[in-house]
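Written out below as structure tokens is the structure these notes cover.
Number of protein chains: 2
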Amino acid sequence: MSWLDAVAWNADGLVAAIAQDADSGEVLMMAWMDRTALARTAELGEAVYWSRSRGRLWHKGETSGHVQRVRELRLDCDGDVVLLRVEPVGGIACHTGRRTCFYRRLAGDAWQAVEPVLRDPDTIYEGERRE
Amino acid sequence: MSWLDAVAWNADGLVAAIAQDADSGEVLMMAWMDRTALARTAELGEAVYWSRSRGRLWHKGETSGHVQRVRELRLDCDGDVVLLRVEPVGGIACHTGRRTCFYRRLAGDAWQAVEPVLRDPDTIYEGERRE
Numbered sequence: 001m002s003w004l005d006a007v008a009w010n011a012d013g014l015v016a017a018i019a020q021d022a023d024s025g026e027v028l029m030m031a032w033m034d035r036t037a038l039a040r041t042a043e044l045g046e047a048v049y050w051s052r053s054r055g056r057l058w059h060k061g062e063t064s065g066h067v068q069r070v071r072e073l074r075l076d077c078d079g080d081v082v083l084l085r086v087e088p089v090g091g092i093a094c095h096t097g098r099r100t101c102f103y104r105r106l107a108g109d110a111w112q113a114v115e116p117v118l119r120d121p122d123t124i125y126e127g128e129r130r131e
Numbered sequence: 001m002s003w004l005d006a007v008a009w010n011a012d013g014l015v016a017a018i019a020q021d022a023d024s025g026e027v028l029m030m031a032w033m034d035r036t037a038l039a040r041t042a043e044l045g046e047a048v049y050w051s052r053s054r055g056r057l058w059h060k061g062e063t064s065g066h067v068q069r070v071r072e073l074r075l076d077c078d079g080d081v082v083l084l085r086v087e088p089v090g091g092i093a094c095h096t097g098r099r100t101c102f103y104r105r106l107a108g109d110a111w112q113a114v115e116p117v118l119r120d121p122d123t124i125y126e127g128e129r130r131e
């Protein structure tokens, strides 16, 4: 049995994938992987997701250069979420140019952006998006 | 507009919710929330999920006492994932009795359990499960 068979793929053949900065512990993003994406991630040592919006494999950083080098892959108890402990090259995970996609914090009854934009997305992307 | 309207609920009316230990940075689990669960989480200051398997609200720790006190709520750029930075009372998030649900690490071509069971699940639960 392949280690890929231990994953509880959902009805769409996907598994949720959380990327965490291996050094800082910061949670960077959540995306999805199909079987090919997860296999490629392990082979390549860089995060490869399945882009639901574009309907294709998405090698994170393929356009921006902001690849995520995978130090460790983890699977949860249910087998339906993987955790990637990564080294985020370039230090930017979010298509908005921020370090993390989780840049809005609930303050009272409003979400407030609390993470700075490190780079103008227009200067780093030609088409790559968060998903 | 309510802050809850900024959330991009999926077709089932749910949003993915990642719980992270606010002190250690460890990612503890991922579960799902419906609108009521997220509203209750914010009101109560403790994590309340929607259990897909049981089809009901699930106040984490309601049976075990292992509640997750919420220090901070974050929303990602797409609005379809929330991140809870929590204080995990009792130090156990997983129904297997481990600190985190992500206790299996990929080693070569096999998942290996790398986190110790801190408590026998039979001694801490009467019916509460991971989801």
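Sequence order for the protein chains is A and B.
Numbered per UniProt numbering, the first sequence spans residues 1 to 131.
Numbered per UniProt numbering, the second sequence spans residues 1 to 131.
Idealized CB from N, CA, C, for every residue including glycine.
Neighbouring residues, chain A, relative to residue i (Cβ below 9 Å)
i         : result
Tyr103(B) : Arg74, Leu75, Asp76, Cys77
CB contact below 9 Å: residue i versus chain B
i         : result
Gln20(A)  : yes
Ala11(A)  : no
Arg35(A)  : no
Arg98(A)  : yes
Ala8(A)   : no
His59(A)  : no
Gly24(A)  : One detail in the question is off: residue 24(A) reads as Ser in this sequence, not Gly. Ser24(A) counts as touching chain B.
Glu128(A) : Unreliable placement is indicated for Glu128(A), whose pLDDT of 49 sits below 50; the coordinate value is still reported in the next sentence. No, no contact with chain B.
DSSP beta-bridge partners of residue i
i         : result
Trp111(A) : Leu106(A)
His59(A)  : Val48(A)
Asp21(A)  : Val86(A)
Trp32(A)  : Ala16(A)
Glu72(A)  : Arg85(A)
Val27(B)  : Gln20(B)
Chain E within 9 Å of residue i, Cβ atoms only
i        : result
Gly91(A) : Within the model displayed, chain E is absent; protein chains A and B are what it includes.
Beta-carbon neighbours of residue i, restricted to chain B and to distances below 7 Å
i         : result
Val81(A)  : Met30
Val27(A)  : Ile18, Gln20, Val27, Leu83
Leu106(A) : Trp3, Ala42, Leu73
Distance CB(residue i)-CB(residue j) smaller than 9 Å
i        : j         : result
Ala11(A) : Trp32(A)  : no
Val70(B) : Thr36(B)  : no
His59(B) : Leu38(B)  : no
Asp80(B) : Arg104(A) : no
Ile18(A) : Val27(A)  : yes
Met1(B)  : Thr100(B) : no
Trp3(B)  : Asp34(B)  : no
Gln20(A) : Leu84(A)  : yes
Ala93(B) : Gln68(B)  : yes
Arg54(B) : Leu14(B)  : no
Leu73(A) : Leu73(B)  : no
Closer than 8 Å at the beta carbon, the chain A residues around residue i
i         : result
His66(B)  : Near His66(B) there are no residues of chain A at all, since even the closest Cβ is about 14 Å away, more than 8 Å.
Asp109(B) : Ser2, Trp3
Amino acids of chain B, ordered along the chain, whose beta-carbon sits closer than 9 Å to that of residue i
i         : result
Leu118(A) : Per Cβ cutoff of 9 Å: no residues; Leu118(A) is ~14 Å from chain B at best.
query: Are the segment 47-65 of chain A and the segment 79-95 of chain A touching, with three or more C-beta to C-beta distances below 8 Å?
result: yes
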